[in-house]
Amino acid sequence: MDTIRVMEKALNVRALNQKVIASNISNVDTPGYKEKAIDFSRELERQLKGSGNVEIHVVEKPSEGYERLDENSVNLEDQVMKMTENSLYYDALVQTISKKFSMMRYVISEGRK
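In this text, residue positions in the sequence shown follow my numbering: the first is 1156, and each later residue adds one.
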């Protein structure tokens, strides 16, 4: 499988994950709202197999020791941590793709000499 294609799909799943986390954060004060999440590895595998549909699931178990009276399962601190982690992975993928394209440009330009 083409490395760039895999990284492209990974970027897409990471970008979608960022949207899901942002949605959780924006609903932190919505009574009854349940945290949603994407299983990155599983979703990447599905996307690589050509599945166009994305599986977003409701997190059944809220954070350990975290329970609210309004039955909202979003823990803001956890979501911010997840968003930061997801952003770091996204940035690492972007840097890797950028380096890969730089190497390809170098090989092409050196091949012309």
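Yeah, the Cβ is synthetic: ideal placement off N, Cα and C, and Gly gets one too.
When the alpha-carbon of ALA1192 is set against those of ASP1184, SER1264, LYS1204 and LYS1174, the nearest one is in LYS1174. In the displayed model, VAL1262 falls within a helix according to three-state DSSP. Distance from ASN1241 to ILE1176 at the Cβ level is roughly 6 Å; contact confirmed, criterion being Cβ atoms closer than 8 Å. Each residue's CA atom was taken as its position, placing LYS1189 and GLN1202 some 25 Å apart. With respect to the 9 Å criterion, PRO1186 and ASP1246 are not classified as neighbours on the basis of their beta carbons. Excluding residues up to 5 positions away in sequence, LYS1164, ALA1165 and VAL1168 lie with their Cβ nearer than 7 Å to the Cβ of LEU1199 in the same chain. DSSP, reduced to helix, strand and coil, places LYS1191 within a strand of the structure shown.
The C-beta separation of VAL1209 from LEU1171 comes to about 6 Å, placing the pair in contact by the 8 Å criterion. DSSP lists LYS1191 as the beta-bridge partner residues of VAL1213.
Relative to the Cα of VAL1214, the nearest Cα in the group SER1228, LYS1204 and GLU1222 belongs to SER1228. Put simply, the backbone Cα of GLN1250 is about 12 Å away from that of MET1258.
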